[in-house]
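Each number in my numbering corresponds to the 1-based position in the sequence shown with 3 added. Input: a single structure, listed below in structure tokens.
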Amino acid sequence: MNTPFDVKGLDLERLVYVRPVDVSDLPEGLQAEAQGLGTVYALHSSDGERLALVKDRNRAFILARQNDLAPVNVH
């Protein structure tokens, strides 16, 4: 993992981050919509703005790609 990567050509406007979110950390109204899930997945823009919440990681990546965005996983 020590391979150099040239980020000059990377379009940061299209980059979105996918990360797990504990439902218990969400506002009460969103917790009720989560319908018993323990974890949902958030998509965030490169400046940290939350763009969407979805029920699983796979759907988060699909949603990003359907909107011409480049998703990356955040631990």
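C-beta atoms are modelled at their ideal positions from N, C-alpha and C, and glycine is treated no differently.
Residue from R17, Y20, Y44 and V19 with nearest C-alpha to D28: Here residue 28 is taken as the residue at index 25 of the sequence shown, counted from 1. Ranking the options by Cα distance to D28, first place goes to Y44.
Euclidean distance between Cα positions of T42 and R68: In the sequence shown, residue 42 corresponds to position 39, counting from 1. In the sequence shown, residue 68 corresponds to position 65, counting from 1. If you take the alpha carbons of T42 and R68, they lie about 21 Å apart.
Environment of V77 [buried if 16+ CB atoms lie within 10 Å]: For the purposes of this step, residue 77 is taken as residue 74 along the sequence shown, with counting starting at 1. Classification for V77: exposed.
In DSSP terms, what S27 is bridged to: Position 24 of the sequence shown, counting from 1, holds the residue named residue 27. Answer is none; S27 lacks a bridge partner.
Nearest-angstrom Cα separation, counted from L72 out to D50: Against the sequence shown, residue 50 aligns to sequence position 47. Against the sequence shown, residue 72 aligns to sequence position 69. If I take the Cα positions, the gap works out to 14 Å.
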